[in-house]
Amino acid sequence: MSFSRLTRALLGVFSVLALLFVYAPLALVLLNSFNTSRTFAWPPPDLTTKWWSAAASSSGARSAIIVSLEVAAIATAIALVLGTMAALALQRFQFFGRDTVSLLIILPIALPGVVTGIALANAFLTMVGIRLGFFTLVVSHATFCIVTVFNNAVARLRRLGGNLEEASMDLGAGTFMTFRLVTLPMLRSALLAGGLLSFALSFDEIIVTTFTAGSGVQTLPIWIYQNLFRPNQAPVVNVVAAALIVLSIVPIWLAQKLAGTDESVAAAR
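Read in order, the letters of the sequence shown are residues 1 to 269 in the UniProt record's numbering.
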């Protein structure tokens, strides 16, 4: 398809405007992390790195980061196991209600976070009788992380078909050997991409976390929200946010490179 010179120019202008709309606020956060003014005066009167030193020595920020990493890692591990099993069951077997089960698996990520958070909090407190804390937070995050892994695994299984697995079983391999030697290598890059996206999704979740974490657990998004409007903490919050912007580029880039390329499928085969 070819476009006229005017069309290409308009598309270029709109692309630049869209990128500016998305990334200008992020660039402002990075700049304010070096701003000497506590009120983020514009333009910055001067630049400094003292806020970075203050953020590095902040025990509250370090504790919140550790909690977020632990929750995201455990929730991602649970999502990888359950999401892969659900994808295999729905893609490789025919049974009554398969489409309904698929819809129910995907539904948590489509629902508003407020609805999911209230529903989970009520379930934990009234139906199960569990106090809100670290365990309930992990379970809550796993409910929507499963969707990311499930979608990636289902998409890969649809592209691969079942011929290689059938050939493996025809040659005498059992179910678990076929999964270990044939299915898992073909799913490896898709699961890695889904795991990275699930980790990122869990790490910055705030709405569901607010309802299911309880008072004794503080993740990094909760810490940022609580300290953003405190005069002495606002510059430190900008530093933490700037560091997260830089660090989040790596898993998102890896997930994009690994998600469903033809080369990775050929290598897995």
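Built from N, CA and C at the ideal position, the CB exists for glycine as well.
It should be emphasised that the depicted structure is a prediction, and the values quoted were computed from it without experimental measurement.
- Item | Cutoff 6 angstroms; reference T148; Cβ partners in own chain excluding five residues on either side | Here residue 148 refers to the residue found at position 148 when the sequence shown is read from its first residue. Around T148: G194, L197 and S198.
- Task: Report the option in T7, A213, L181 and P112 whose CA atom is closest to the CA atom of S140.
- Result: Against the sequence shown, residue 140 aligns to sequence position 140. Of the listed residues, the one whose Cα sits closest to S140 is A213.
- Task: Give me the Cα-Cα distance between L107 and T36, rounded to the nearest whole angstrom.
- Result: Within the sequence shown, numbered from 1, the residue matching residue 107 stands at position 107. Within the sequence shown, numbered from 1, the residue matching residue 36 stands at position 36. One C-alpha to the other measures close to 46 angstroms.
- Message: Once the 5 residues before and after K257 are set aside, which same chain residues still bring their CB inside 7 angstroms of it?
- Response: In the sequence shown, residue 257 corresponds to position 257, counting from 1. Residues of the same chain with their beta carbon placed closer than 7 angstroms to that of K257 are lacking, with the five preceding and five following residues left out of the count.
- If you draw a straight line from the alpha carbon of I130 to that of A119, how long is it in whole angstroms? Residue 130 sits at position 130 when you count from the first residue of the sequence shown. Residue 119 sits at position 119 when you count from the first residue of the sequence shown. Taking the straight line joining both Cα atoms gives about 14 angstroms.
- Message: Can you tell me which residues form a DSSP beta bridge with N35?
- Response: Reading the sequence shown from its first residue, position 35 is the one you call residue 35. L47, per the DSSP bridge assignment.
- Item | Rounded straight-line distance, which links the Cα of F179 to that of I66 | Reading the sequence shown from its first residue, position 66 is the one you call residue 66. Reading the sequence shown from its first residue, position 179 is the one you call residue 179. When rounded, the distance between both Cα atoms is 34 angstroms.
- Message: Please state the DSSP three-state secondary structure of G161.
- Response: Within the sequence shown, numbered from 1, the residue matching residue 161 stands at position 161. Correct three-state label for G161: coil.
- Item | Straight-line Cα distance separating L171 from P112 | Numbered from 1 along the sequence shown, position 112 holds the residue referred to as residue 112. Numbered from 1 along the sequence shown, position 171 holds the residue referred to as residue 171. Near 48 angstroms, if we compare the C-alpha coordinates of L171 and P112.
- Item | C145 vs T76 beta-carbon contact at 7 angstroms | Counted from its first residue, the sequence shown places residue 145 at position 145. Counted from its first residue, the sequence shown places residue 76 at position 76. Taking 7 angstroms as the Cβ cut-off, C145 and T76 qualify as a contacting pair.
- Task: Please confirm if the stretch 207-225 is in contact with the stretch 34-53, defined as three or more CB-CB distances below 8 angstroms between the two stretches.
- Result: no
- Item | Cβ separation of V246 and S58, assumed to be a contact under 8 angstroms, to the nearest whole Å | What you label residue 246 is simply residue 246 of the sequence shown in a count that begins at 1. What you label residue 58 is simply residue 58 of the sequence shown in a count that begins at 1. So it is not a contact: roughly 18 angstroms between Cβ atoms.
- Taking M127 as part of the alpha helix (DSSP H), name the residues at either end of that continuous run. Start at 1 with the first residue of the sequence shown, and residue 127 comes out as number 127. Segment: none, M127 is in no alpha helix (DSSP H) and carries neither H nor E.
- Query: Can you list, in chain order, the residues of its chain whose CB lies under 7 angstroms from that of L80, leaving out five sequence neighbours each side?
  - Reply: Sequence index remark: in the sequence shown, residue 80 carries index 80 (1-based). Here the set comprises V149, L191 and G195.
- Where T136 sits in the DSSP three-state scheme: The sequence position of residue 136 within the sequence shown is 136, counting from 1. It is helical.
- Excluding sequence positions up to five away, which residues of its chain have a Cβ less than 6 angstroms from the Cβ of N32? One-based indexing of the sequence shown puts residue 32 at position 32. Closer than 6 angstroms at the Cβ level, and outside the excluded window around N32, lie F40 and N238.
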